[in-house]
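Chains as they are written, first to last, in our numbering: chain D, 1 to 114; chain V, 1001 to 1113. In what follows, a structure is listed as C-alpha cells, so that the remarks can point back to it.
Quick look at the structure:
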C-alpha cells in the first residue's frame, strides 16, 4: 500500500509562472489536506478537500491559490503568477475520514521561485 | 483560532542523554495533541499522541505529558540515539480531524554520538 505520493518533489518556477503541485492520497483515503511550510517554520494549514468538494479553505491566500480534488486523479494545488514569497515546501496529507486522528503526510514538493 | 508555541527551536544532546521539547496552546477546547517527527527530505510522521483525558502516555523511549490547566504539553525522549536527530513538531487539534491540526514551529534535535 503506497503512501501519500506528491510530485514533483522539486519545482522551480520563474516569477509570474504557474505552479501545479499534485498529491495522490493513500489508497482508500478520500480526505486530503494541503499545508505550507516556510523555512524554519511549522506547517500551516491551507485547505481541506474531499472528492470534488472543498470543505475548508480558511488557510488559503485569497488570490492566486486554488485547489481541487477531482473524482478521478490526484488533488492539485495551483499557484498562479508565482512570487518569491511562494517559495516553500508544500505538503499534502490524507486520511480515510474526518474522524481519523492520524493524517498521513507525503514527502512534500519544494517550490523555488526565481 | 488556536496558537501553538514550541520551545526550544534547536536542541543538541549527547547520545544517551534525555531530550525534552515543550509546547503551549491557547485554545482550551483543543483535546488532541500529536507529535510528529520530520526527517530531512521527508514528510512529518506521527510518533506519539495524547488526548485531553490522559495526563501521560509512554511508548518505549518516548513519552508525552499534558497539563490541561496550564495548557502545555511536552515530549520526552530518553536514551537518545543519533537516529533520533530530526525536526519534531507538536500540534493541537479540537475534535478528531487530524488534517486540521495547528502545528508548532518545530524543534531541530541533534543527537551527537
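Yeah, the Cβ is synthetic: ideal placement off N, Cα and C, and Gly gets one too.
Notebook entry, point to check: Between which two residues does the beta strand (DSSP E) harbouring residue 1034 of chain V extend?
Noted result: Position 34 of the second chain, counting from 1, holds the residue named residue 1034 of chain V. Unbroken beta strand (DSSP E) run through residue 1034 of chain V: 1032–1038.
Check: Using a beta-carbon distance below 8 Å, is residue 1097 of chain V in contact with chain D?
Finding: Position 97 of the second chain, counting from 1, holds the residue named residue 1097 of chain V. With 8 Å as the cut-off, residue 1097 of chain V counts as an interface residue toward chain D.
Notebook entry, point to check: Can you tell me whether residue 10 of chain D is buried or exposed, with buried defined as 16 or more other CB within 10 angstroms of its CB?
Noted result: For the purposes of this step, residue 10 of chain D is taken as the residue at position 10 of the first chain. The residue is exposed, with fewer than 16 neighbouring Cβ atoms inside 10 Å.
Note to self: Using a 10 Å radius around the Cβ and a threshold of 16 neighbouring Cβ atoms, would you call residue 6 of chain D buried or exposed?
What the structure shows: Within the first chain, numbered from 1, the residue matching residue 6 of chain D stands at position 6. Under this definition residue 6 of chain D is a buried residue.
Checklist line | residue 1046 of chain V to residue 47 of chain D span [Cα, whole Å] | finding: On the second chain, position 46 is the one that residue 1046 of chain V refers to. On the first chain, position 47 is the one that residue 47 of chain D refers to. So the two alpha carbons sit approximately 20 Å from each other.
Next item on the list: Determine, using beta carbons only, whether residue 28 of chain D comes closer than 8 Å to chain V.
Entry: Along the first chain, one-based indexing puts residue 28 of chain D at 28. Chain V contact via Cβ: absent.
Next item on the list: Measure the Cβ-Cβ separation of residue 1035 of chain V and residue 1013 of chain V and say whether it is below 8 Å.
Entry: The count along the second chain starts at 1 and reaches residue 1035 of chain V at position 35. The count along the second chain starts at 1 and reaches residue 1013 of chain V at position 13. Cβ distance not < 8 Å, so residue 1035 of chain V and residue 1013 of chain V don't count as in contact.
Item checked: Neighbour list for residue 33 of chain D in chain V, Cβ cutoff strictly below 8 Å -> Your numbering for residue 33 of chain D matches position 33 in the first chain. Neighbours of residue 33 of chain D on chain V, chain order: 1099 and 1100.
Next item on the list: Would you kindly work out how many angstroms separate the C-alpha atoms of residue 14 of chain D and residue 75 of chain D, rounded to a whole number?
Entry: Stepping through the first chain from its first residue, residue 14 of chain D is reached at position 14. Stepping through the first chain from its first residue, residue 75 of chain D is reached at position 75. Distance between the alpha carbons of residue 14 of chain D and residue 75 of chain D: 23 Å.
Item checked: Residue-chain proximity (residue 1075 of chain V, chain B), Cβ-Cβ < 8 Å -> The chain labelled as chain B is not found among the protein chains of the depicted structure, namely D and V.
Notebook entry, point to check: Do you know whose CA, among V/1055, V/1053, V/1076 and V/1032, lies nearest residue 1100 of chain V's CA?
Noted result: For the purposes of this step, residue 1100 of chain V is taken as the residue at position 100 of the second chain. Among V/1055, V/1053, V/1076 and V/1032, the Cα nearest to that of residue 1100 of chain V is on V/1032.
Margin query: Check whether chain D comes within 8 Å of residue 1033 of chain V, counting only Cβ atoms and requiring the distance to be less than that.
Written below: Residue mapping note: residue 1033 of chain V aligns to position 33 of the second chain, counting from 1. So, not an interface residue.
Next item on the list: Could you please tell me which residues of the region 1033–1061 of chain V, in chain order, have their CB closer than 9 Å to any CB of chain D?
Entry: 1034, 1036, 1038, 1041, 1042, 1043, 1044, 1045, 1046, 1049 and 1051
Notebook entry, point to check: Who does residue 1096 of chain V pair with in a DSSP beta bridge?
Noted result: The residue labelled residue 1096 of chain V in the question sits at position 96 within the second chain. BP columns for residue 1096 of chain V are empty, so no partner.
Note to self: Give me, in chain order, the residues of the same chain whose beta-carbon lies closer than 7 Å to that of residue 1055 of chain V; leave out the 5 immediate sequence neighbours on both sides.
What the structure shows: Taking the first residue of the second chain as 1, we reach residue 1055 of chain V at position 55. Contacts found: 1065 and 1066.
Item checked: Residue from V/1039, V/1017 and V/1028 whose Cα sits closest to the Cα of residue 1003 of chain V -> Start at 1 with the first residue of the second chain, and residue 1003 of chain V comes out as number 3. Comparing Cα-Cα distances from residue 1003 of chain V to each of V/1039, V/1017 and V/1028, the minimum goes to V/1028.
Note to self: I need the boundaries of the beta strand (DSSP E) containing residue 1059 of chain V, first residue and last residue.
What the structure shows: Position 59 of the second chain, counted from the start, is the residue given in the question as residue 1059 of chain V. Here the beta strand (DSSP E) through residue 1059 of chain V covers 1056–1059.
Notebook entry, point to check: Can you find a CB in chain V that lies within less than 8 Å of the CB of residue 68 of chain D?
Noted result: Stepping through the first chain from its first residue, residue 68 of chain D is reached at position 68. Chain V contact via Cβ: absent.
Next item on the list: Using a Cβ-Cβ cut-off of less than 7 Å, list which residues of the region 1006–1022 of chain V approach chain D; keep chain order.
Entry: none
Next item on the list: Measuring alpha carbon to alpha carbon, tell me which of D/63, D/94, D/38 and D/57 ends up nearest residue 87 of chain D.
Entry: Taking the first chain and counting its residues from 1, one reaches residue 87 of chain D at position 87. For the residues D/63, D/94, D/38 and D/57, the minimum Cα distance to residue 87 of chain D belongs to D/38.
Notebook entry, point to check: So, helix, strand or coil for residue 9 of chain D, using DSSP?
Noted result: Numbered from its first residue, the first chain carries residue 9 of chain D at position 9. Three-state result, residue 9 of chain D: coil.
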